[in-house]
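First the structure, in the form of structure tokens, and then the observations on it.
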């Protein structure tokens, strides 16, 4: 009861500025904040301490094994990676849906720059999350009517940046050991450093932590078959991301060209058709592996490609910084110093560290990716 009261008290302070902003913005924004508050509260209601699940005779043995593995990963995150030792990922919630929420991402018809939404705590981000797929699709339809490219994507996990105790969820508990570890490391990294309004910085940093963390995890706890399976998985992911980055660059060049809107639309269609064709060729080199087929289940849009750079533009810079600092504690301190700079200075320092090689349509720099990391 004491923990619930504490969470409710924190919720009041968190929701106060959100509700004030929502009322100023109007009814639609107020409804959005309410669904967010109700969705977060539902997670609290469903979550129980992992020890309770482990001690319950009715708990499925397979789930018990996954929860025990998650506890081991959680302890590893603190001891080996210096990630926060708090109540996050020490509870578990079984949800009746495949994703915890659905993100709406949108761009103008002939641009790769995502539309931004601004919130009291998270700052400005390039997505808008809904706990109901129907609500997400309804908002996506509104954006499409305005002429935007839109994607609705399911999200298995997210971070409340340390404001609340994030639980383990049924939406990702059955991932492989390496993928489960990757998810936990990534989300906990957001609790270490988070800069309002700079998604590229936040996500590239968290991706660097997950990448190095999984490598250490496999060194200590992985078997040879596990390491080999993850190496194959990671190689396919790198191939796929390289494919996306290449076509994103083609689109960026087309949108930046001094041609008519009609010509740009034709080029857009041609490039997306080329992407589909190249993907089929790539699948052949994988022996027919179809894990990314779902990416092509709906018509391709700029919105799908816009998010690629968010997680990887500055990944080379953070890799270089981690190698330079040698320990995670020193790495986090260096990242916090970068976070204290204004965005222009921060990106200048990251460019010097990683020296991204490619230019996107907006004139910003883009690095070749190494891992998928999307959440």
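In mature numbering (1 follows the signal peptide of the UniProt record, and there is no 0), the protein residues as written are -30 to -1, 1 to 345. For every residue, glycine included, the Cβ atom is placed at its ideal position computed from N, Cα and C.
Nearest residue (CA-CA) to residue i, options the options
i	options	result
residue 133	110, 245, 180 and 157	157
residue 191	147, 9, 207 and 128	147
residue 119	110, 308, 313 and 98	110
residue 154	243, 87 and 48	48
residue 15	219, 116 and 65	65
residue 210	261, 302 and 303	261
residue 243	304, 225, 270 and 53	270
residue 280	206, 86, 195 and 161	86
residue 1	105, 24 and 75	105
residue 21	240, -3 and 57	57
residue 321	296, 301, 302 and 283	283
residue 80	230, 247 and 62	230
residue 187	-3, 4 and 39	39
residue 124	73, 90, 84 and 144	73
residue 165	7, 13 and 306	306
residue 145	54, 225 and 33	33
residue 126	-3, 141 and 113	141
residue 207	253, 11 and 5	253
Neighbour-count burial assignment, residue i, 16 or more Cβ in a 10 Å radius
i	result
residue 28	exposed
residue 232	exposed
residue 31	exposed
residue 255	exposed
residue 150	buried
residue 17	buried
residue 318	exposed
residue 183	buried
residue 245	buried
residue -8	Because the pLDDT at residue -8 is just 47, under 50, the model does not fix this residue reliably, and the point stays unresolved.
residue 36	buried
residue 68	exposed
residue 205	exposed
residue 316	buried
residue 108	exposed
residue 289	buried
residue -3	exposed
residue 239	exposed
For residue j and residue i, the rounded distance between their alpha carbons
i	j	result
residue 286	residue 235	33 angstroms
residue 51	residue 198	23 angstroms
residue 174	residue 59	22 angstroms
residue 222	residue 82	7 angstroms
residue 217	residue 275	8 angstroms
residue 268	residue 43	35 angstroms
residue 313	residue 176	18 angstroms
residue 272	residue 136	31 angstroms
residue 220	residue 117	21 angstroms
residue 100	residue 251	35 angstroms
residue 201	residue 178	17 angstroms
residue 152	residue 185	10 angstroms
residue 9	residue 70	9 angstroms
residue 77	residue 299	37 angstroms
residue 139	residue 45	18 angstroms
residue 121	residue 228	27 angstroms
residue 264	residue 195	26 angstroms
residue 346	residue 169	With the chain running from -30 to 345 in the structure shown, residue 346 is simply not present.
residue 297	residue 171	20 angstroms
residue 130	residue 237	40 angstroms
residue 302	residue 128	20 angstroms
residue 98	residue 304	30 angstroms
residue 376	residue 247	Past the boundaries of the shown model lies residue 376; the chain is included only from -30 to 345, so the question cannot be answered.
residue 278	residue 55	30 angstroms
residue 225	residue 24	55 angstroms
residue 3	residue 266	31 angstroms
residue 143	residue 41	11 angstroms
residue 53	residue 115	43 angstroms
residue 5	residue 193	43 angstroms
Supposed contact pair residue j and residue i - C-beta distance, whole angstroms, cut 8 angstroms
i	j	result
residue 323	residue 291	6 angstroms
residue 159	residue 189	Contact flag wrong, Cβ pair sits at about 19 angstroms.
residue 213	residue 249	6 angstroms
residue 167	residue 93	4 angstroms
residue 75	residue 102	In fact, because the Cβ distance is near 17 angstroms, the residues do not count as touching under 8 angstroms.
residue 395	residue 61	There is no way to answer for residue 395, as the model of the chain reaches only from -30 to 345.
residue 63	residue 13	6 angstroms
List, from N- to C-terminal side, the alpha helix (DSSP H) runs of 4 residues or more that fit wholly inside the region 233 to 311. You should have 272 to 282, 285 to 295 and 298 to 309.
Could you name each continuous alpha helix (DSSP H) segment of 4 residues or more that falls completely within the region 102 to 156, going from the start of the chain to the end? Qualifying alpha helix (DSSP H) stretches, in chain order: 103 to 115.
Quick one: which unbroken alpha helix (DSSP H) runs of 4-plus residues sit fully inside the region 159 to 240? Chain order, please. Runs of alpha helix (DSSP H) with 4 or more residues, each lying fully within the region 159 to 240, are found at 169 to 191 and 194 to 226, listed in chain order.
Would you mind listing the beta strand (DSSP E) stretches within the region 30 to 87 that are 3+ residues and don't spill past its ends, in chain order? Counting whole runs of 3 or more residues, the region 30 to 87 contains the beta strand (DSSP E) stretches 61 to 63 and 71 to 77.
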